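Only one structure is covered here, and it is reproduced in the block below.
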Amino acid sequence: MASSSSSSRQMKHQVFLSFRGEDTRLNFTVHLLQALKDKGLNVFFDEEKLEKGEELSHALSQAIAASDLSILVLSKDYASSQSCLAELSDIMDRKRMPTDKHIVLPIFYHVDPSDVRNIGGTFKTSFEEHESKRPIEDMKRWKVAFAEIGASKGWHIEGGKSDRFETEYIKDVVEYVLKKLNSNCRSVSEELVGIDDQKKKLLVLIEQAGIHVIGLWGMSGIGKTTLADAVYKEVSPKFECSLFLQNISEKIKKQGSESLRNELLSKLLNNTLSIGYPYHERLNNKKILLVFDDVTDPDQMDFVGVKYFGPGSKIIVTSRDIQVLRNGGANHIHEVKKLNMNDSFQLFSTYAFQLLNLPVDFKYLSFKFVEYAQGNPLALKVLGLKLYTKSIKEWKSEVTKLKQCGEIKLSHILKSSLDGLDELEKNIFLDVARIFKGQHLNYVEKILSNYYKGARCGISKLVGKCLLEVKYESISMHGMLEEMGKDIVMQESEYPGKRSRLWNCKDVEEVISYDKNLTNLREIDVSYCKNLRKMHNLSGAINLELLRCIGCESLVELWSEDDHIELVNLREIYVSECKNIRKICNLSRAINLEFLDCSYSKSLVELWNEDDRMDLVHLRKIYFDGCVNLRKIPNLSRAINLEFLGCSNCKSLVELPCLNHLASLHQYSLRLNGCYSLKKFPKVPRPFCSLDLPETKVEEVSDSIKDLHKLETLWLGKSKVKKVSINILKLEFLRKLDLSGCPIEEVSLPFDPLCNLQHLKMSGSAVKNVSIKLESLRKLNLSGCPMVKFPEIPGSLIKLNLSGTQIEEVSLPFDSLCNLQHLNMSGSAVKNVSIKLESLHYLDLSGCPKIELLSELPPYLEVLSVNDCTSLEKVSFTDQNLNQFDSLDDEYCINHNFLMRFRNCFNLNQDSTNNIEANAMLKIGSLAKKWAARYDWQYNPDRAPSLICCFPGNKISANMFKCQSMNSSLSLKIAPNGGSGSRFLVFAICLVADLTHCLEFQLRECICEYQLTTAGGGNGGGGCENFRSEIRFRSFYEPVKYMDYHVFILSSIDMVIEDKNYEEATFEFYIKNFHFDEDNDGGEKYIKVERCGVHVFYVDATEKRVAGNKRKALAMMVKKGMEDLKD
């Protein structure tokens, strides 16, 4: 029974990621991991991924058992790792269990699925090598699992020139994982007793347009966070981005509001906070779901600028103080109720007996404990776990103890649960309560493992006792338990100097001033103490392990060079955001120091003297990020175990010490972006695969680059590079090279030896002429370069950006660019463009003031953006017929939005507008069939496939839209269904409106409300149905105005209706503008629709069956891309 309890409440992961470290850890897998985390998924990822011996570690077995879904990245050397095969076998064992619903998704990365299925190719060699070392039983088990996964449906990433980008695969995988987890997860009523009804109420509130901020109010332990989490998991896939911020008050206190705000905005804006327009304008374009947990101050509800979030955004706030929610602007406050007696019994029984119903012998005693808990879920869980497996005699003893407390309070119940902790559990509990609450689980596990043997096991036990919890990869505990932890420390001694942990500023100042016997002191945390100037007289704290002085604005120094301090046990020092500290000196006696964080200490000028002979052999991580006055980093030659060095935005840093001997340092752990004064190309370890040096003063890529023989990406954007060493040609694995914004004038190197280079970015550089014939190249960005001639480029290119160039003539024969899909020449000097390019999907010519003629356009472009081309007169497409559109890939059409934008092109002649209208209607006609074929499909309403076309004008074509009106509403008759089968109605609409006062970055929606009436419907009886469709106009960040009247042709997949013998349709149209206004916090207003028109496409339902057959046939093909994984 005890083991059952432990397994049922061990730390849960939604996804287990299995991979061969040497193959994919530093490329595909790490990007997949980040994409999964960005969606809020809790992923188990073995960061070390080294050979651990012959047996699968207990921790990995536990992680597999505690995961809902496993992703296996099967690469070329996967089978050469015995631990990978052991993982795979455990995963497949779980999948085969009839009572388990474990999901397994394979990714065949640069390997043939048939080689996996048949154990052929290099896999055969790997298995043969294992056979001489492993028992026969193991080999049989591994082979069965390997063959089984090879026969499973998944993604096949070939990696050749004709394959898709890996980012597209990652997007597919993440979307599919979210879909499977949502459909496979247990209902709330099974796991979260008593909150199902409350959750349903909140889901209704979230759908209401007028409610933006929802407050959850209730006492400690009542389940506010649990309820918010359940709602968050249910609705987060419907939002563009979502974040759950646990213990927000605690995080602001520890991290500082500015630092935390920047971190959160970076996540919301995909790490592009410093790029482009102010963040509030970007937020205004995003539909965001944000949860603020445990708010204690109204200002905390808006410290990231929630008032700027885009339309449809929702903020959920939990607080124990109803006034905080009222003052913070909550539109609706929901009181989280106590559990009733039935739900209390059920929850208590689940934890005390692992049963939903109470055993008869324990009913009376159970009633007593449930009565004491007073409907508080936290108390019921803690009591239940404490009593689990105990005898009736022990139960009676616990009742007696609680009776002795007089009036039973939640604190008494929680206190009783702490009394039974062993020394390890107690220390971990106190460390989390005082220091590590809210921090990343992996980080906490690593730190505590340095202090205690069995720390991971101790954390797991505390989670099992509901004294700790792990959510969104962070470790946390309830606020009341945190306060109890503080009380335990204070009860260690009346005198602060005799305690193990200090956090009160007055206590610390008293101790370091007068007390010399500090042998009990292990941890000091005086973060955000305003008056502390110096941490002197710590010589007696010989057992001090951790020192935190974050945000101590008066701190000038830790101790002086003359202080003889021996802190041989000190492992971590935090002095980040200490704006007046100028020097970190005399750390020579801290011989076991592992972690030093000085980030954002803006006055820090120098560190220890190189003559101090610092023994840094244990130092693993150093943070100097944001130390804008730091000029030099001392010699790190003795820091042989250094894993991380953060120097981003060290604006005064002139040079780095030699780092090429630091074998533990890898590329993702060296941050140098924004080091504006750094001139020398750094010497880094040879195994580096990626090197980022953007926004530095590096002028030359030195000859030493040849030593980085494994380098795959080199980022030098906005640096001062004028010359690239010819030795760069020796980097045969280089895939991405960024020289954007560099003063380099000429690319004279023969790029041919770089046979794997796929992405070259030189935007904003001084280069005038480019000649590249590298057939591996897929992306080339030359935007903003002062070139006047079209570059010589290879036929392998998929994406080409020539925006902002002075190119006037597109003279290159486009027939040679048979793979080109994306062409951007916006803002260029081009005059006439004729493009016969069937592969092209995206064309942007916006802001080209000289262009007059745009001819022979591919008729099926996904995006055609030709805004603000004031000289443009003629637009034509190649032969347009419906068969061309019908032959397009169904999946592609259903997963993309089609845009045709000719905003402010006032010189267009009538023939051109007729051509644009005809092309838009042909696309809709073809899309109507494909959309109808997926009528039963579920899709995100905010990303519903659609077509949007706009151009200047104030008239609607009578040929295209025979039913028109001079206002915003109309009615039309539905043609009777003359055939024998069923059919679908697909509506295309046309609107005329003046958007002169709308900026382009403002979001707009066309709202179409319509009623379909059957025979005898309307006022005379019969049937009628009401529908509502919303088509969001795609927006960009440029604040460009619409001038005068424009015509909009629109349709969407949610305007596909199954015909029920409707006879009449009545429409009402609105255009809603979500405007941004700093003074008035933004809002909504409606734009008048001057004219409207509707066309009905009638689609035979047999099209649906044909499309279904196509999908079935497609599912049988093992090809690149995702195979059909539907059950």
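So for the sequence shown, full-length UniProt numbering puts the first residue at 1; every next one is plus one.
Beta carbons are placed, not taken as given, at the ideal position from N, Cα and C, and that holds for glycine.
No experiment lies behind these values; they were computed from the predicted model shown.
CA nearest to the CA of residue i, picked from the options
i, options, result
"Asp1059", "Ala1015, Asp625 and Gln255", "Ala1015"
"Asn768", "Leu1012, Glu792 and Pro298", "Sequence inspection shows Lys at residue 768; the Asn mentioned does not correspond to that position. Checked all of Leu1012, Glu792 and Pro298; the closest Cα to Lys768 is Glu792."
"Val463", "Ser946, Lys381 and Asn1073", "Lys381"
"Ser826", "Gly847, Cys650, Lys200 and Asn1061", "Gly847"
"Ser677", "Lys718, His661 and Phe644", "Lys718"
"Ile331", "Ala379, Val213 and Val295", "In the sequence under discussion, the amino acid at residue 331 is Asn, which differs from the Ile named in the question. Checked all of Ala379, Val213 and Val295; the closest Cα to Asn331 is Val213."
"Gly804", "Glu852, Leu823, Ala829 and Leu780", "Ala829"
"Ile1057", "Met1043, Lys1085 and Arg1028", "Arg1028"
"Asn801", "Asn781, Asn660, Phe790 and Glu809", "Asn781"
"Val15", "Leu41, Asp868, Lys201 and Leu899", "Leu41"
"Phe1067", "Thr1013, Gly1023, Tyr1045 and Tyr1098", "Thr1013"
"Arg320", "Val104, Asn660 and Thr225", "Thr225"
"Ser839", "Ser796, Leu32, Asn660 and Leu853", "Ser796"
"Gln323", "Lys396, Asp343, Leu216 and Ala639", "Leu216"
Beta-carbon contacts of residue i that lie in its chain and below 6 Å, excluding the five residues immediately before and after
i, result
"Lys679", "Lys697"
"Cys990", "Ile956, Phe961, Ile1049 and Gly1093"
"Ser89", "Arg141, Trp142 and Ala145"
"Leu544", "Leu521, Leu567 and Leu570"
"Glu906", "According to the sequence provided, residue 906 is Phe. The question's Glu does not apply to it. Closer than 6 Å at Cβ, skipping near neighbours: Pro952."
"Lys773", "Pro794"
"Val444", "Phe436 and Ile475"
"Ile1031", "Ser946, Cys1006, Leu1050 and Ser1052"
"Lys651", "Val628 and Tyr676"
"Asp46", "none"
"Gln1011", "Cys1024, Asn1026 and Thr1066"
Per-residue burial, residue i [other beta carbons within 10 Å of its own, 16 or more giving buried]
i, result
"Lys1104", "Bear in mind that the predicted position of Lys1104 carries a pLDDT of just 49, short of 50, making it unreliable; the figure below should be weighed with that in mind. Flag for Lys1104 reads buried."
"Asp911", "exposed"
"Gly223", "buried"
"Cys1008", "buried"
"Ala958", "exposed"
"Lys49", "Annotation note: pLDDT 38 at Lys49 (below 50); position unreliable, no value reported."
"residue 1183", "Outside the shown range of the chain (1 to 1127) lies residue 1183, about which nothing can therefore be said."
"Glu398", "buried"
"Cys818", "exposed"
"Met97", "exposed"
"Phe19", "buried"
"Ala209", "exposed"
"Thr913", "buried"
"Arg434", "buried"
Other residues of its chain near residue i: CB distance less than 8 Å, five sequence neighbours each side excluded
i, result
"Phe681", "Leu693, Val698, Glu700, Val701, Ser702, Ser704 and Ile705"
"Val508", "Pro496, Leu502, Ile524, Val526, Cys529 and Leu532"
"Val721", "Val698, Glu699, Glu700, Val701, Leu739, Cys742, Pro743 and Ile744"
"Met490", "Arg499"
"Thr870", "Pro849, Asn904, Cys905, Phe906 and Asn907"
"Ile275", "For Ile275, the pLDDT reaches just 39, beneath the cut-off of 50, and the residue's location in the model is therefore unreliable, although a value from the coordinates is still provided. Once the five neighbours on either side are set aside, Ile275 has no close Cβ partner at all."
"Glu129", "Ser80"
Beta-carbon separation (whole angstroms), residue i vs residue j, contact threshold 8 Å
i, j, result
"His102", "Gly159", "Not quite, the Cβ-Cβ distance comes to about 29 Å (not below 8 Å), so this is no contact."
"Ser1051", "Leu947", "5 Å"
"Ile875", "Ile916", "Looking at the sequence provided, one finds Val at residue 875 rather than Ile. Between Ile916 and Val875 the Cβ distance is about 6 Å, and since that is below 8 Å, they are a contact."
"Ser648", "Asn673", "5 Å"
"Ser601", "Ser576", "6 Å"
"His896", "Glu873", "29 Å between Cβ atoms; not a contact."
Chain-order list of residues whose beta-carbon lies under 7 Å from that of residue i (same chain, five-residue window excluded)
i, result
"Lys267", "Leu243"
"Lys199", "Val188, Leu227, Ala230 and Val231"
"Ser61", "Asp90"
"His13", "Asn42, Val43, Phe44, Ala63, Ala66 and Ser67"
Margin query: Runs of 3 residues minimum, wholly inside the segment 847 to 927: which ones carry the beta strand (DSSP E) assignment?
Written below: Counting only runs of 3 or more, we get 853 to 857, 863 to 865, 874 to 877 and 898 to 901.
Q. Fully enclosed by the segment 596 to 667, which beta strand (DSSP E) runs are 3 residues long or longer?
A. 621 to 623 and 644 to 646
Report the residue ranges of all beta strand (DSSP E) runs contained in full by the segment 817 to 846; include only those spanning at least 3 residues, in chain order.
822 to 824, 832 to 834 and 842 to 844
Whole runs of the alpha helix (DSSP H) within the segment 551 to 597, excluding any shorter than 4 residues: none
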